[in-house]
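Number of protein chains: 4
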Amino acid sequence: MPRTEEQYKDIREQKKALIKETAMELFAQKGFSGTSMSLIAKQAGISKGLIYNYFTNKEDLIKTIIIDGFKIIIDVFDTNKDGVLTDEEMVFFLKGTSSILKENTSFWKLYLIVMMQADVMKLIENEFMEFLAPLLKTLVQYFEQKGVKDPVAHANLLGALLDGITLNYVIDPEHFPIDSIIDLIIDKFLK
Amino acid sequence: MPRTEEQYKDIREQKKALIKETAMELFAQKGFSGTSMSLIAKQAGISKGLIYNYFTNKEDLIKTIIIDGFKIIIDVFDTNKDGVLTDEEMVFFLKGTSSILKENTSFWKLYLIVMMQADVMKLIENEFMEFLAPLLKTLVQYFEQKGVKDPVAHANLLGALLDGITLNYVIDPEHFPIDSIIDLIIDKFLK
Amino acid sequence: MPRTEEQYKDIREQKKALIKETAMELFAQKGFSGTSMSLIAKQAGISKGLIYNYFTNKEDLIKTIIIDGFKIIIDVFDTNKDGVLTDEEMVFFLKGTSSILKENTSFWKLYLIVMMQADVMKLIENEFMEFLAPLLKTLVQYFEQKGVKDPVAHANLLGALLDGITLNYVIDPEHFPIDSIIDLIIDKFLK
Amino acid sequence: MPRTEEQYKDIREQKKALIKETAMELFAQKGFSGTSMSLIAKQAGISKGLIYNYFTNKEDLIKTIIIDGFKIIIDVFDTNKDGVLTDEEMVFFLKGTSSILKENTSFWKLYLIVMMQADVMKLIENEFMEFLAPLLKTLVQYFEQKGVKDPVAHANLLGALLDGITLNYVIDPEHFPIDSIIDLIIDKFLK
DNA sequence: GATGAATGAGTATTCATTCAT
DNA sequence: AATGAATGAATACTCATTCAT
Chain A
18 MPRTEEQYKD
28 IREQKKALIK
38 ETAMELFAQK
48 GFSGTSMSLI
58 AKQAGISKGL
68 IYNYFTNKED
78 LIKTIIIDGF
88 KIIIDVFDTN
98 KDGVLTDEEM
108 VFFLKGTSSI
118 LKENTSFWKL
128 YLIVMMQADV
138 MKLIENEFME
148 FLAPLLKTLV
158 QYFEQKGVKD
168 PVAHANLLGA
178 LLDGITLNYV
188 IDPEHFPIDS
198 IIDLIIDKFL
208 K
Chain B
18 MPRTEEQYKD
28 IREQKKALIK
38 ETAMELFAQK
48 GFSGTSMSLI
58 AKQAGISKGL
68 IYNYFTNKED
78 LIKTIIIDGF
88 KIIIDVFDTN
98 KDGVLTDEEM
108 VFFLKGTSSI
118 LKENTSFWKL
128 YLIVMMQADV
138 MKLIENEFME
148 FLAPLLKTLV
158 QYFEQKGVKD
168 PVAHANLLGA
178 LLDGITLNYV
188 IDPEHFPIDS
198 IIDLIIDKFL
208 K
Chain C
18 MPRTEEQYKD
28 IREQKKALIK
38 ETAMELFAQK
48 GFSGTSMSLI
58 AKQAGISKGL
68 IYNYFTNKED
78 LIKTIIIDGF
88 KIIIDVFDTN
98 KDGVLTDEEM
108 VFFLKGTSSI
118 LKENTSFWKL
128 YLIVMMQADV
138 MKLIENEFME
148 FLAPLLKTLV
158 QYFEQKGVKD
168 PVAHANLLGA
178 LLDGITLNYV
188 IDPEHFPIDS
198 IIDLIIDKFL
208 K
Chain D
18 MPRTEEQYKD
28 IREQKKALIK
38 ETAMELFAQK
48 GFSGTSMSLI
58 AKQAGISKGL
68 IYNYFTNKED
78 LIKTIIIDGF
88 KIIIDVFDTN
98 KDGVLTDEEM
108 VFFLKGTSSI
118 LKENTSFWKL
128 YLIVMMQADV
138 MKLIENEFME
148 FLAPLLKTLV
158 QYFEQKGVKD
168 PVAHANLLGA
178 LLDGITLNYV
188 IDPEHFPIDS
198 IIDLIIDKFL
208 K
């Protein structure tokens, strides 16, 4: 009995997710050029050819991983919100950073790798800006509302700080005291 | 009649510097595995083989570039100093960060790439710790002396911040407002 | 729909045999370092890359060729036999040497090349001793039973003689009078 | 004061001998393609360029080593002698084989390597025949005079035996019982 | 006579991608 | 949908040889 269209779609979605998940871990661990398609296939328990059934090539694979990752993060943070953050929401956002880092360490490591690699970065420039711009805008608005002297510098400072925390955390999650640092930030930026 | 030893030494040093400089730019631009020895040779206007006259292999090349870079930075900052930073020295250090970033953008980009790349990182782990440990210690001592509640978190926060600034600056030097951010840091951390 | 496992296995075995055969001829003709993987591929009518689908590297290739060769020879001669050779069996063994040389000239040439090449020899040392030791032991036992004064020297002499015959035969199979020499040996060693 | 022509000639001869000696050891140890000109230069304590001052290329170097080696051996054995060997002379020749192997192990190993390598062999084919032919002729004459049934087979057998002994000796000089084997040959072939 | 920097063709090996089944 | 054999271009690295000094 042939499978229904629905079932086929399910299989496709599952396989695609499996490939993406496997590839993400490996890219984060060994870098983009350091990870071969063969290894991804082997690790995922499928054939090399099958990957090309779902992704047109290696670049498409990493691009999809990153962009889909952004989508999830955006959903979580709802960074597109028009309104202005209250202090409470900001605390929620900063505390959320910690748990989102812990739960998606591989993704964030990959994110940093991609940011450093101009060639790969070009592939996702547009999506990257779509992701980052509203976030930065929200931060600027937040500081404007707090009445600080240079809200743009404040927003950039906080953005850089979050990047730096991400960097240090993904490199050595065991030893980097992320939670006490987040507390410190809340103390320094919200009072 | 052969050249004098002096002449040979001169030639060697100049060529080595040329290769290191060229390779650093390319590594920073395209990553370690993304940069081929052929490209380095082509860009430097020499033959592939000659690189191997000066560096035993690709790893030796990047290792030498990073370690020599550290040496220069250490000399500038004198991070091995035993004493404790005064506020004045801290300001000097932070302002120095800005100019050292501007003058060695490629090196710092390479530094971040290397930090993200576990396999390359292994090559220079020892030298990296020798460079970083005293710097972090100095920061901790500085915050201890200021009497803050959690000096280690403060030091790590400032360290992460400097990493984040480096990251944002090397990715887009034109648009990142590094100087006003440094001023803000001085304002936030020294008062 | 993929091929059946059986089909894949068939393809693999045929290709592997083709590569081994081609490589053996070339190694025997031009030596180990004198034979490039490119040339083997070209001669076999396949791509360079395919060789690495079947053998992990050049060393693995020559090692497999030699070891598989030994296996065949051992089967033919049954050198592991525990008992002692009769004169009749010794005649059979010596006459067999002639035909085994004629039928596997390339292999024996390769065998000699490998013996002369210390670095390649190291790769197969163990297998080589497993092959040679029982053969030599059988020869010693044979001469012991014949009651000659120095059976070890006799065995070594005969061994060296067989090596020498192999050497002369593979260098110039057309002109070396192998059969009359074997007859002479039978005459000189068995009476 | 400039050196006299005589002195220059002396220097040339000494340097040439040094290069030949060094190269011979290395070729015997690591094979022809396995030995680089750089290594020879380093081992001999001279520059790469200097080797090309004395030998037109690598092939010329090995060719000269082999041919000069033959010349010395021929002188020692005087294989060009027209007359026929007496039994006494044959004993002297066989015993001499042992000492000549012990004193020139590297040369004989190189000789075997070259014999196995068709490409290199071609370079010295003529000189090789000039060396071997009279030797074989002398052996044939010796056996003719002894009145054996098949003197050519006898000569070839003895020749192969000497090759085999050389092979076994150069591979493992410590353990191969060359002298008792030579005694055995004298016993088997002269009685 | 002597040096060693420099070249460039060559080597082993890897890997993204294709395609017949 | 799925396989893995096959390709070929690219990569790091080696080395005989040249040549200005």
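Protein chains in written order, with the working numbering: chain A, 18 to 208; chain B, 18 to 208; chain C, 18 to 208; chain D, 18 to 208. All C-beta atoms, glycine included, are put in the ideal place defined by N, C-alpha and C.
- Query: Within the chosen definition, does the region 193 to 207 of chain D reach the region 165 to 184 of chain C through at least 3 CB pairs nearer than 8 Å?
  - Reply: Touching, yes.
- Query: How would you write the range of the alpha helix (DSSP H) that T237/D sits in, first residue to last?
  - Reply: Here chain D covers residues 18 to 208 and nothing more, so residue 237/D does not appear.
- CB of A150/C within 8 Å of CB of I82/C, strictly: Within the third sequence, residue 150/C is the residue found at index 133, counting from 1. Within the third sequence, residue 82/C is the residue found at index 65, counting from 1. No.
- Hey, how far is the Cα of D136/C from the Cα of I84/C? Looking up residue 136/C in the third sequence gives position 119. Looking up residue 84/C in the third sequence gives position 67. Going by the C-alpha atoms only, they are around 16 Å apart.
- Is M133/A close to chain B, meaning its C-beta is less than 8 Å from at least one C-beta of that chain? Taking the first residue of the first sequence as position 1, residue 133/A is located at position 116. Yes, its Cβ sits closer than 8 Å to a Cβ of chain B.
- Report the residue from Q46/A, L207/A, K208/A, L35/A whose alpha carbon sits nearest the alpha carbon of K126/A. Along the first sequence, one-based indexing puts residue 126/A at 109. Minimum Cα distance to K126/A is reached at Q46/A.
- Cross-chain neighbours of L129/B in chain A, by beta carbon under 7 Å: Walking along the second sequence from the start, residue 129/B turns up at place 112. Residues of chain A passing the Cβ test: M133.
- Contiguous alpha helix (DSSP H) assignments of at least 4 residues, all confined to the region 34 to 85 of chain D: Complete alpha helix (DSSP H) runs here, min 4: 54 to 61, 65 to 71.
- If we ignore side chains and look at the alpha-carbon of each, how far apart do M18/D and Q31/D end up? As a working note, residue 18/D is residue 1 in the fourth sequence. As a working note, residue 31/D is residue 14 in the fourth sequence. Unreliable positioning characterises M18/D in this predicted model, as indicated by a pLDDT of 49, which lies under 50. The coordinate reading is nonetheless provided below. A straight line joining the alpha-carbon of M18/D with that of Q31/D spans about 21 Å.
- Interface residues of chain C facing Q46/D [CB-CB closer than 8 Å]: Looking up residue 46/D in the fourth sequence gives position 29. Here the neighbours are A135.
- Query: Just curious, the alpha helix (DSSP H) that Q158/A is in, first and last residue?
  - Reply: The sequence position of residue 158/A within the first sequence is 141, counting from 1. Q158/A -> alpha helix (DSSP H) spans 135 to 163.
- Apply the 10 Å Cβ neighbour rule to Y25/B and answer buried if 16 or more other Cβ atoms are within range, or exposed otherwise. For the purposes of this step, residue 25/B is taken as the residue at position 8 of the second sequence. Looking at its Cβ environment, which holds fewer than 16 other Cβ atoms inside 10 Å, Y25/B is exposed.
- Task: Name the residue from F109/B, E120/B, L207/B, T103/B whose alpha carbon lies nearest to the alpha carbon of I89/B.
- Result: Counted from its first residue, the second sequence places residue 89/B at position 72. Its Cα nearest to that of I89/B, the residue E120/B stands out among F109/B, E120/B, L207/B, T103/B.
- Note down the Cα distance separating M133/C from Q134/A, rounded to an integer number of angstroms. Here the question's residue 133/C lines up with position 116 in the third sequence. Here the question's residue 134/A lines up with position 117 in the first sequence. The straight-line gap from Cα to Cα measures roughly 50 Å.
- Query: So V187/B is in the alpha helix (DSSP H); what residue range does that whole segment cover?
  - Reply: On the second sequence, residue 187/B is found 170 positions in, with the first residue counted as 1. Here the alpha helix (DSSP H) through V187/B covers 168 to 188.
- In chain order, what residues of the same chain have a beta carbon less than 7 Å from the beta carbon of E42/D, not counting five sequence neighbours either side? Here residue 42/D is taken as the residue at index 25 of the fourth sequence, counted from 1. The residues are S123.
- Query: Cα-Cα, which of L152/B, T21/B, V108/B is closest to D92/B?
  - Reply: Indexing the second sequence from 1 puts residue 92/B at position 75. It is L152/B whose Cα lies nearest to the Cα of D92/B.
- Quick one: is I199/B buried, meaning 16 or more other Cβ sit within 10 Å of its Cβ, or exposed? For the purposes of this step, residue 199/B is identified with residue 182 of the second sequence, where counting begins at 1. I199/B is buried by the Cβ-count criterion.
- Cβ distance (whole Å) where L175/B is taken to contact V108/B below 8 Å: Sequence index remark: in the second sequence, residue 175/B carries index 158 (1-based). Sequence index remark: in the second sequence, residue 108/B carries index 91 (1-based). Wrong, their Cβ atoms sit about 13 Å apart, outside the cutoff.
- Item | Pairwise C-alpha distance: G62/C and E38/D | The residue you call residue 38/D lines up with position 21 of the fourth sequence. The residue you call residue 62/C lines up with position 45 of the third sequence. Each residue's alpha carbon lies about 42 Å from the other.
- Message: I want to verify the contact list: residues of chain B whose CB lies under 7 Å from the CB of I182/A, in sequence order.
- Response: Working through the first sequence from its first residue, we reach residue 182/A at position 165. Simply A177.
- N-terminal and C-terminal residue of the alpha helix (DSSP H) that E120/B is part of: By 1-based counting over the second sequence, the position of residue 120/B is 103. Under the DSSP assignment, E120/B falls in the alpha helix (DSSP H) whose first and last residues are 104 to 120.
- For E191/B, the three-state DSSP class (helix, strand or coil): Translated into positions along the second sequence, residue 191/B becomes position 174. Coil at E191/B, not helix or strand.
- Message: Rounding to the nearest angstrom, what Cα-Cα distance links L111/B and I203/B in this structure?
- Response: Here residue 111/B is taken as the residue at index 94 of the second sequence, counted from 1. Here residue 203/B is taken as the residue at index 186 of the second sequence, counted from 1. Each residue's alpha carbon lies about 8 Å from the other.
- Query: Secondary structure at V101/A, three-state DSSP: helix, strand or coil?
  - Reply: Along the first sequence, read from residue 1 onward, the residue named residue 101/A stands at position 84. Three-state DSSP puts V101/A in coil, outside helix and strand.
- Message: Among Y128/A, E161/A, L78/A, F49/A, whose alpha-carbon lies nearest the alpha-carbon of L102/A?
- Response: By 1-based counting over the first sequence, the position of residue 102/A is 85. Among Y128/A, E161/A, L78/A, F49/A, the Cα nearest to that of L102/A belongs to E161/A.
- Message: Which residues in chain A have a C-beta closer than 9 Å to the C-beta of L67/B? List them in chain order.
- Response: Here residue 67/B refers to the residue found at position 50 when the second sequence is read from its first residue. Listed along chain A, no residue sits closer than 9 Å to L67/B by beta-carbon distance, the nearest being about 25 Å off.
- Item | Helix, strand or coil at K208/D [DSSP, three-state] | Position 191 of the fourth sequence, counted from the first residue, corresponds to residue 208/D. Three-state DSSP puts K208/D in coil, outside helix and strand.
- Message: For a cutoff of 8 Å on Cβ pairs, would you count N185/D as touching chain C?
- Response: Counted from its first residue, the fourth sequence places residue 185/D at position 168. With 8 Å as the cut-off, N185/D counts as an interface residue toward chain C.
- Straight-line CA distance for M146/A to G66/C? Position 129 of the first sequence holds residue 146/A. Position 49 of the third sequence holds residue 66/C. Rounded to whole angstroms, M146/A to G66/C spans 41 Å at the Cα level.
- Item | Nonlocal neighbours in the same chain, by C-beta distance under 8 Å from A71/A, ignoring five residues either side | Numbered from 1 along the first sequence, position 54 holds the residue referred to as residue 71/A. Checking the displayed sequence, the identity of residue 71/A turns out to be Tyr instead of Ala. Taken in chain order, the residues that qualify are R29, K32, K33, I36.
- List the residues of chain B whose Cβ lies closer than 8 Å to the Cβ of G51/A, in chain order. Numbered from its first residue, the first sequence carries residue 51/A at position 34. Neighbours of G51/A on chain B, chain order: S50, Q134, D136.
- Closer than 8 Å, CB to CB, is L201/B near chain A or not? Within the second sequence, residue 201/B is the residue found at index 184, counting from 1. Interface residue (Cβ-Cβ distance to chain A less than 8 Å): L201/B is classified as such.
- Give the residues of chain A in contact with N173/B, contact being defined as C-beta atoms less than 8 Å apart. Sequence index remark: in the second sequence, residue 173/B carries index 156 (1-based). Result: N185, F193, P194, I198.
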